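The numbering of the sequence shown is our numbering, which starts it at 233 and goes up by one. Don't be surprised by glycine CBs; every beta carbon is placed ideally from N, CA and C. Bear in mind that the values here come from a model prediction, so they are computed numbers and not experimental data.
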Amino acid sequence: VYNCGHGIDYKLFARFFKGLACSGAWICLDEFNRVPLDVLSVFAQQYLQVQSAIRARLIEFNFEDDTLALKWNSNVAVTFNPKGFGRTPLPDNL
């Protein structure tokens, strides 16, 4: 479980995705809608790239200028509180 906040950036999400994809681990991103909207948009693109590789049953794929081994059981779950100060509405691509 990782507690998200306004200080998180797309580079940190890329590191999460690299580790998850290679290890087959899962992560829960708590308070996900506290992440800034511009970062959420990049996250959505990163997530789509990993999920597309999993659906295609690739054994390796290119991600953020790296070629990574891929474990198909990696996953991301999110929690968010839709009401509250500092919450960002989720973009349409999520």
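Rounded to whole angstroms, the Cβ separation of residue 312 and residue 249 is 19 angstroms, and the two are not in contact under 8 angstroms.
With respect to the 9 angstroms criterion, residue 295 and residue 278 are classified as neighbours on the basis of their beta carbons. Apart from the 5 residues on each side of it in sequence, residue 256 sits with its Cβ closer than 6 angstroms to the Cβ of 303, 305, 306 in its chain, given in chain order.
If you look at residue 246, you'll find it isn't in any beta strand (DSSP E); it sits in the alpha helix (DSSP H) that goes 242 to 255. With distances taken between CA atoms, residue 323 lies nearest to 274 out of 274, 241, 233.
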